[in-house]
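What follows is one structure encoded as structure tokens, with my remarks underneath.
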Amino acid sequence: MYAFDIERPSTVSDAVKLLKESDENQPLSGGQTLIPTLKQRLAAPEKLISLTGIDEMKGICEDDDGRLCIGAATCHADVAAGAGKYPALAALARQIGDPAVRNRGTLGGSLANNDPSACYPSAVLGSGATVVTNSREIAADDYFQGMFATALEEGEIITEVKFPVPEKACYMKFEQPASRFALVGVFVAKYADGVRVAVTGASEEGVFRWTEAEEKLNSDFSSSALEGMSPPADNMISDLHGSGAYRAHLVGVMARRAVDAAH
Amino acid sequence: MAQVSMTVNGKPASGDIEGRTLLVDFLRDGLGLTGTHVGCDTSQCGACVVHVDGKAIKACTVFAAECEGSSVTTIEGIAAEDGTMSKVQDAFQTHHGLQCGFCTPGMVMSAEALLQENPTPSEAEIREYLEGNICRCTGYHNIVKAILAASGQDVSKIAAE
Ligand SMILES: Cc1cc2nc3c(=O)[nH]c(=O)nc-3n(C[C@H](O)[C@H](O)[C@H](O)COP(=O)(O)OP(=O)(O)OC[C@H]3O[C@@H](n4cnc5c(N)ncnc54)[C@H](O)[C@@H]3O)c2cc1C
Ligand code: FES
Ligand code: FES
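If you want it as structure tokens, here you go:
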């Protein structure tokens, strides 16, 4: 690691102020992605602005519209234990990495990073959630902009995510056993105004909505409505863990399993 | 350089650190507590698991500065003052839950955390909880058996395959 300083502000506004001091300053949340990156010298911040001492960014509550609001610095273990109102989301958090990773890694860090194989992006996109930052609210459909790319601007901090709670939902993850990330993960959520299907781990473009499946499920919410379907393989990730065609096939399988298991 | 202070195994500890000083380096190099191992340094193997404020975390993937004011427990803090081993440690010995022993500090710290959360885990729950702890030697069988035994459960049903 190159040398840097760490600051631990206790409010969002202090954190934003510290970030604005230099383009070379960067937020640090659970560190479960950033610390390995720093060790590889793929990042060289001047200062890390730790978000872990900011109480207003932690915790789970419900807003007046019945949405589940989760602070961006809430760790995966706390979401697994505390998001009982949205069981599919709690179950997704419980499947991230291992217990020690879940005790540090956070929702905000996962979304800011937008790893193409990360779990949370599929829940946020699949729920049509709202990403709240220190300066604005961003709809999930506008937030994810391709592999490791998001709508966040320099110095902008995710503070909270608001999840509308569906009638039923399920996240099906086909785990890549070495990294424990998703080889393919499909999040299906059924709302009164329609079904959303979000896919992670598969596409070169990062998380995406499988709209063809959504249309079928809107008229018939059953796995048989998706029989034989899978998205086109052209844009799928091909690596030593699986070819693009294999991933495309898995998307269909995982989507059907998610529909069957949704509750 | 900055100062950091925390409680380690019940005793106050402080020292000079850089921003980039990892908790595991502060424990090993700063405090001489070399029981916490570094197996991979890439957040994969769990040899470095310690408890920070009661939660199992990978000490190679947290900065010492982030632990200011925290209460940290390492493998050195698990046995009683007089050296009497904890139930988990004792069961690892009785059931041969280790061979070379390199992964053992992390295994024990994860097992202690599991049993605090879930005092009578099933075999499947133990295996799931140990997903982030890698052992090159044992094949896990006796580790799982030791943890089942430490929780006071019958281990005959998972006796040698
Ligand atoms: C062994 C292992 C297994 C894992 N398995 C999985 C898995 O199965 N599924 C999965 O989804 N993930 C997995 N992860 C990743 C894990 O979930 C990370 O915790 C997460 O991706 C990043 O969150 P963090 O809080 O650790 O962020 P950090 O590492 O602290 O930060 C990540 C990036 O986000 C930025 N950032 C952090 N917080 C904010 C914020 N609030 N606003 C703006 N920018 C911010 C940082 O500057 C940095 O660029 C795994 C990690 C490890 C080490
Ligand atoms: S040394 Fe920390 S996880 Fe391997
Ligand atoms: S006993 Fe050798 S690595 Fe586990």
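In order, the protein sequences belong to chains A and B.
Using the numbering used here, you'd call the opening residue of the first sequence number -1 and step up by one each time.
Using the numbering used here, you'd call the opening residue of the second sequence number 5 and step up by one each time.
Each residue gets a CB set at the ideal place from its N, CA and C atoms; glycine is no exception.
Looking only at A/Ala127, A/Ser241, A/Ala42 and A/Ser120, the smallest Cα-Cα distance to A/Val197 is reached by A/Ser120.
Residue pairing for A/Gln24: DSSP places it in a beta bridge opposite A/Leu46. Proximity of B/Ile79 to chain A, defined by a Cβ-Cβ separation below 8 Å, is not satisfied. Taking CB atoms only, A/Val99 has a neighbour in chain B less than 8 Å away. About 19 Å separates the CB atoms of A/Phe185 and A/Gly240; that is not less than 8 Å, and the two are not in contact.
For A/Ala121, the shortest C-beta to heavy atom distance toward ligand 1 is 7 Å or greater. Not one heavy atom of ligand 1 sits closer than 7 Å to the Cβ of A/Pro7. In terms of side-chain proximity, the C-beta atom of B/Gly105 is found nearer than 7 Å to a non-hydrogen atom of ligand 3. Interface criterion met: the Cβ of A/Ile4 is under 8 Å from a Cβ in chain B. Identification of residues in the segment 19 to 47 of chain B having a C-beta nearer than 9 Å to some C-beta of chain A yields Glu22, Gly23, Arg24, Leu26, Asp45, Thr46 and Ser47, given in sequence order.
Straight-line spacing of the CA atoms in B/Gln97 and A/Ala116 works out to 38 Å. For the 8 Å CB-CB criterion, A/Ala71 and A/Ile47 do not form a contact. For A/Ser108, the enclosing alpha helix (DSSP H) starts and ends at Leu105 to Asn111. Identification of chain B residues near A/Pro34 by a Cβ-Cβ cut-off of 8 Å yields Thr46, Ser47 and Thr65, ordered along the chain. Interface criterion met: the Cβ of B/Ile61 is under 8 Å from a Cβ in chain A. According to the DSSP secondary-structure assignment, B/Ser9 is paired through a beta bridge with B/Ser18. Beyond the five residues adjoining it in sequence on each side, B/Ala60 comes within less than 7 Å, by CB distance, of Val53, Met113, Ser114 and Ala117 in the same chain, given in chain order. In this structure, B/Cys49 is the residue among B/Gly81, B/Gln157 and B/Cys49 with its C-alpha nearest to the C-alpha of B/Cys107. Excluding the 5 residues flanking it on each side, A/Asn216 has same chain C-beta neighbours closer than 7 Å at Gly192 and Val193, in chain order. Non-local beta-carbon contacts of A/Met145 in its own chain, meaning distances under 6 Å to residues more than five positions away in sequence, involve Pro114 and Gly204 in chain order.
In summary, A/Tyr0 is exposed, with fewer than 16 beta-carbon neighbours lying within 10 Å of its beta-carbon over all protein chains present. Restricting attention to A/Glu60, A/Trp208 and A/Ala78, the CA atom closest to the CA of A/Met234 is found in A/Trp208.
Relative to ligand 1, the beta carbon of B/Thr38 is positioned no closer than 7 Å to any heavy atom.
Runs of the alpha helix (DSSP H) lying entirely within the segment 104 to 144 of chain B, each at least 4 residues long, are 108 to 121 and 127 to 133 in chain order. In this structure, A/Tyr169 places its C-beta atom within 8 Å of the C-beta atom of A/Gly183. Judged by DSSP secondary structure, A/Ile33 falls within the alpha helix (DSSP H) whose first and last residues are Leu32 to Lys37. Taking 8 Å as the cut-off, the beta carbon of A/Phe142 is found closer than this to the beta carbon of A/Asn112. Not flagged as an interface residue toward chain B: A/Ala71, since no C-beta distance is shorter than 8 Å.
Interface criterion met: the Cβ of A/Met(-1) is under 8 Å from a Cβ in chain B. For A/Thr128, no alpha helix (DSSP H) encloses it; the enclosing beta strand (DSSP E) starts and ends at Thr128 to Thr131. Inclusion of B/Gln48 in the 7 Å shell around ligand 2 follows from its C-beta lying nearer than that to a non-hydrogen atom of the ligand. Contact check for A/Leu105 against A/Val77 passes: the beta carbons are separated by less than 8 Å.
By the Cβ test, the segment 34 to 44 of chain A is not in contact with the segment 79 to 91 of chain A, since fewer than three Cβ pairs between them sit closer than 8 Å. The distance from the Cβ of A/Gly250 to that of A/Ser228 is about 3 Å, consistent with a contact at the 8 Å cut-off. For B/Val53, the nearest CB of chain A lies under 8 Å from its own CB, placing it at the interface with that chain.
Excluding its 5 nearest sequence neighbours in each direction, B/Val28 has C-beta neighbours in its own chain below 7 Å: Thr40, Val42, Cys52, Ala63 and Cys64, listed in chain order.
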